[in-house]
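Its first residue numbered 211, the sequence shown is counted upward by one per residue in my numbering. Structure, as structure tokens:
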Amino acid sequence: LQLPILEVVNQGDYPSKVSKIVMGVKGRSQKILVVDDKMENILFLQDFLLSIGFRVEIANNGRVGLEKINEFHPDLAIIDIVMPEMGGLEMIEVIRHNSAYKNLKIIASSASVFSTDQALCFEAGSDAFLTKPVVIKDLLKKLEDLLKIQWIYREDHQEDSSSDDLTNSADQSEVDIDNLLLENLYEL
């Protein structure tokens, strides 16, 4: 699975747009724990993260997630907020009260766009918030910022496109890819 990250090149100097496709991560392969009760979310994130070089472990609720942290020792955890048995907020609070995991980076994830829900995640100890459905460029930016990593890109050059076309095509690609993956998962 290769998803483009598009950026505009100075249109005055270059008549083309550059499509950057993330191929991997420079340096050591870091470990990410994905905790979510929805299998389609787990599979989407797991497949994408594995494809760009991360080691990934999964859990379907907060209790299992805490066990996986003890076994897997991830560099970062992506944690859904609403789950059975132990929700994400409780899981984050447990993690933050354990000094052994003070350096674990946490991205809270939820379909909720309410600022109050996001504020609760940060109060619990989350380092970042990611809305669902996940937008790949947002995920990549949060991973880059929190893990202090650099991406390995493959560049594709395409002629005669305006910056408006570039932005629109990037947004549309992400929606189409997300919808396509979800449709395929539902068929399973």
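We put the beta carbon where it would ideally sit given N, CA and C, even for glycine. Here the structure is a predicted model, which is why all the values come from computation and not from measurement.
Which one of L350, Q256, K278, D246 has the shortest CA to CA distance from Y311? Translated into the one-based positions of the sequence shown, residue 311 becomes position 101. Nearest of L350, Q256, K278, D246 to Y311, Cα basis: K278.
Comparing alpha-carbon positions, which option in D285, N251, I262 lies nearest A269? Walking along the sequence shown from the start, residue 269 turns up at place 59. Checking every option, the nearest Cα to that of A269 belongs to N251.
Out of K342, Q328, L255, point me to the one whose CA is closest to S336's CA. Position 126 of the sequence shown, counting from 1, holds the residue named residue 336. Closest by alpha carbon: Q328.
Using only the heavy atoms of the ligand ADP, determine whether one of them is closer than 7 Å to the beta carbon of V235. Absence of the ligand ADP from the depicted structure is noted, as is the absence of any ligand whatsoever, leaving it without description.
Can you list, in chain order, the residues of its chain with a C-beta nearer than 6 Å to that of G255? Leave out the 5 residues immediately preceding and following it. The count along the sequence shown starts at 1 and reaches residue 255 at position 45. One detail in the question is off: residue 255 reads as Leu in this sequence, not Gly. Around L255: V244.
What residue from K347, F339, R364 has the CA that sits closest to A287's CA? Within the sequence shown, residue 287 is the residue found at index 77, counting from 1. It is F339.
Close beta carbons around G275, own chain, < 6 Å, minus the five adjacent residues each side: If you number the sequence shown from 1, residue 275 lands on position 65. Excluding positions up to five away in sequence, the list reads V245, A269, M301.
Boundaries of the alpha helix (DSSP H) in which F282 is found, first to last residue: The count along the sequence shown starts at 1 and reaches residue 282 at position 72. Here the alpha helix (DSSP H) through F282 covers 272–282.
If you reduce the DSSP assignment to three classes, tell me which class A269 lands in. Reading the sequence shown from its first residue, position 59 is the one you call residue 269. Three-state result, A269: strand.
Per DSSP, which one or two residues make a beta bridge with E365? Numbered from its first residue, the sequence shown carries residue 365 at position 155. Paired residues: K230.
Does the Cβ-Cβ distance between I316 and I305 come in under 8 Å? Translated into the one-based positions of the sequence shown, residue 316 becomes position 106. Translated into the one-based positions of the sequence shown, residue 305 becomes position 95. Taking 8 Å as the Cβ cut-off, I316 and I305 qualify as a contacting pair.
Selected residue, minimal CA-CA separation from K241, among G234, V266, S320, F258: Residue numbering aside, residue 241 sits at position 31 when the sequence shown is read from its first letter. Selected option, being the one with the closest Cα: V266.
In this structure, how does DSSP classify S261 when only helix, strand and coil are distinguished? Numbered from 1 along the sequence shown, position 51 holds the residue referred to as residue 261. S261: helix per DSSP, three-state reduction.
Hey, N271 and M296: beta-carbon distance below 8 Å or not? Residue numbering aside, residue 271 sits at position 61 when the sequence shown is read from its first letter. Residue numbering aside, residue 296 sits at position 86 when the sequence shown is read from its first letter. Going by C-beta atoms, N271 is nearer than 8 Å to M296.
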